[in-house]
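See structure below.
Protein chains in written order, with the numbering used here: chain A, 1 to 401; chain B, 1 to 471.
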């Protein structure tokens, strides 16, 4: 009766426990799903919020996207022109020499006026493409006439590079030619390509740089014009935009002449304060967790030591010193002690007497038994192991006989 | 005072407000002020803890392996309701549960909380402190205070070998002649005369008494009574070594010292500490001292039932505990009480002092049971020189627990490492058997048995001595 009741009670308990377990597991799964959704959402949010803009670096000789100029760089190298990609004006000045051509595009970050002046004083020729900053320093004497649409235009001039290339996508800034200059690809009142010599440098200014990009290089005579202009010298120093604008020398101002904005400037002011408030929250939480509910209780515990530690220590000592003599002695003495009562020999008997008695009992030759019980120490560890096994065998034989 | 998680949550929520507010700096300041104001208000409105009074009730003795319940009455004389948590802190090896409990005492009333102790170690366990955290109505902050509410629980040796007692008592009755087997009673002490019944040993017929009466009368015999047994427990360094597997699942002191979260439900045997590690493989065993105590208790129970007087002495360099002249009914309880707080001292036992203590206590001839270790070095320097003094006046029985790990190592074969260990173990066994032989030559009885067999082996040795009339 009691047993039945107990079993029923147990059954009910088990059932409810299982149900509770299922519920708990279900709740756990729900929490897990929620956490996973939150994490995924947090990961996807920046991608959704980010503006839809092409990736890649504009007019960069190492960039293979549509706005990059990797194709031109490769073509130049195929024609034997050394392309040196630099990211700062200082590096560009350092790389420049009498036989170099310095390419400055609208993507080049010059930083300050001083940097532009140093660039302008650098040896070698200059090719300026598009809306480069500090144009008045880099190409003095040029005046902007108007801004024209970029389209295919004929050269209509005597410049060899332009004539050979033929029609090309030009436009952008239209320059008025200073005296002694050559203007090509006329648009509006001026020309979109102007070349003149200033202070010993040949300066070539282009109204627009888009024909240098991977996207447009293959159209019209773009590739030919670009190769003719950029490949005029054996070495081309290409001032490209760096990965980090802050690395640009004297990078206080950006390409647009506005102050460069660091990551800190882009964060709304409230976020800093919110982080500060979160620090306060963490501090409060730390205070909550740090306050113990009462003191730590200590207790004097007895020593924990195995009684067998001395024996194990002795075994390790034997092992480390390879003390085969002592080990063999101990094993033999123990075997003789166990054999003596079995053979009816007094405990005081010597090992030889025990060996003789054992040989007589088992019908073996006394020689090997004597060698086993009172022979020389084993030569190596294998012999010791064999000795232990042989002693066991002898003991078993005596016991069974 | 103490803050709560709710205060932290409030501060974290304020961060969202700061993020959206037009003047974030001001909001941060305002949030801090508001939080401080709320916390202060909560502290002021929380029930006072200063005047709380505590009373304990419950048992103060438990056998190792058992549980007991300690009540704690919280008296709130203050004008406000006391809500919060209470921690009744005991020493870790007292196994107190639950670790913290909810508390709700209306003003002027009292509530009784219950703490269950499941000690994992022998000895005196003390209640260290009672800490009360009284949370305010908003749940943002709490007043906290720690009180002392002393209580001591003595955890007694478990006396696991008592299961061997009925069999030994049956043997004793057999010897006593009360058993139906009507042989000439073992023992040498004349008990009484009674009428001859068929089956009695004719050699026990008392002819003189038969001549006086018209009937045949036999003498009955019984073992000696009122002999003295002095159990001496060696509490020196050799008794600290751990042997075998702790029989209760946990060792006498498997406990997590002071850990805050680790003290889960540890009730009942076998939370994975004992059985996992094989026999003798480490610290999971019992100290030699505990095995000796177990055997001593069985011997004392048996001797008391056999009509002998039992005294107890624990000694290393001084007397650690003693029981003398206890009545037969009180003997066991006073012995476990005396044994409970004894721990092995890490000093070399002073055998000469021990012999002197024994000689001064036992004026008449008695059976001196020495519960010690048959350690060659300790024996040769300590006990052997003073043993003649003892054995001249008393019958000495030396009893020691053998280590199963040694036998296990001695059987090791196969690899060089195992054989070296086996040689070391054989060497120890050889030394031990030499010590045993030396002791026997001096007329000392020796009991050397594995932990599980130790208590019954000692009881059997006692019964054998009694049957042989050597007491």
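Glycine is no exception: its CB is placed at the ideal position from the N, C-alpha and C atoms.
query                                                                                                            : result
Backbone CA spacing between residue 2/B and residue 47/B [nearest angstrom]                                      : 13 Å
Element boundaries [beta strand (DSSP E), containing residue 203/B]                                              : Taken as a continuous stretch (DSSP letters only), residue 203/B belongs to no beta strand (DSSP E), as it is neither H nor E.
Cβ-Cβ distance between residue 194/B and residue 216/B below 8 Å                                                 : no
CB of residue 101/A within 8 Å of CB of residue 239/A, strictly                                                  : no
Test: residue 202/A CB closer than 8 Å to a CB of chain B                                                        : no
Proximal chain B residues relative to residue 397/A, where beta-carbon distance stays under 9 Å                  : Under the 9 Å cutoff, chain B gives no residues; its nearest Cβ is about 16 Å from residue 397/A.
Closer than 8 Å at the beta carbon, the chain A residues around residue 133/B                                    : 293
Limits of the unbroken alpha helix (DSSP H) element including residue 318/A                                      : 309 to 321
Contacts that residue 31/A makes with chain B (C-beta to C-beta distance below 7 Å)                              : Within chain B, no residue comes near residue 31/A; the closest Cβ sits about 18 Å away, beyond 7 Å.
Amino acids of chain E, ordered along the chain, whose beta-carbon sits closer than 9 Å to that of residue 285/A : No chain E is present in this structure, whose protein chains are A and B.
Beta-carbon proximity list for residue 378/A, same chain, < 6 Å, skipping 5 on both sides                        : 324, 328, 384 and 387
Burial state of residue 270/A, where buried means 16 or more other Cβ atoms lie within 10 Å                      : buried
Neighbour-count burial assignment, residue 296/A, 16 or more Cβ in a 10 Å radius                                 : exposed
Rounded C-alpha distance that separates residue 125/A from residue 212/A                                         : 18 Å
Three-way DSSP call (helix, strand, coil) for residue 184/A in this model                                        : strand
Within chain A, the residues that residue 420/B reaches when beta carbons sit closer than 7 Å                    : 315, 318, 319 and 327
Residue 70/B versus residue 84/B: straight-line alpha-carbon distance, rounded                                   : 20 Å
For residue 374/B, three-class secondary structure by DSSP                                                       : coil
Unbroken alpha helix (DSSP H) run spanning residue 277/A, endpoints                                              : 269 to 290
Cβ-based contacts, 7 Å cut-off: residues of the segment 383 to 408 of chain B near chain A                       : 403, 405 and 406
Residue 330/B versus residue 95/B - alpha carbon distance                                                        : 29 Å
Chain B contacts from the segment 266 to 284 of chain A (Cβ-Cβ distance under 7 Å)                               : 269, 270, 271, 273, 274, 276, 277, 278, 280, 281 and 284
Contact under 8 Å by Cβ, residue 18/B with residue 274/A                                                         : yes
Neighbour list for residue 308/A in chain B, Cβ cutoff strictly below 7 Å                                        : 280, 403, 405 and 406
Start and end residues, beta strand (DSSP E) containing residue 345/B                                            : Note, residue 345/B: premise wrong, no beta strand (DSSP E); not H, not E.
Inter-residue spacing [alpha-carbon to alpha-carbon] between residue 337/A and residue 127/B                     : 55 Å
Rounded straight-line distance, which links the Cα of residue 366/B to that of residue 229/B                     : 6 Å
Contact with chain B by residue 346/A, beta-carbon distance below 8 Å                                            : no
Test: residue 264/B CB closer than 8 Å to a CB of chain A                                                        : Summary for residue 264/B: the model assigns pLDDT 37, below 50, so the residue's position carries little reliability; its value from the coordinates is reported in the next sentence. No, its Cβ sits nowhere closer than 8 Å to a Cβ of chain A.
Nearest-angstrom beta carbon gap, residue 343/A and residue 361/A [assumed within contact, 8 Å]                  : 6 Å
7 Å Cβ shell around residue 462/B - same chain, five flanking residues per side excluded                         : 299, 302 and 303
Residue 338/A (DSSP reduced to helix, strand or coil)                                                            : helix
Beta carbon proximity, residue 118/B to chain A, threshold 8 Å                                                   : no
C-alpha gap between residue 374/A and residue 404/B, whole angstroms                                             : 29 Å
Proximity test, Cβ basis, 8 Å: residue 205/B and chain A                                                         : no
Continuous beta strand (DSSP E) stretch holding residue 6/B: start and end                                       : Per DSSP, residue 6/B belongs to no beta strand (DSSP E); it is in the alpha helix (DSSP H), 5 to 20.
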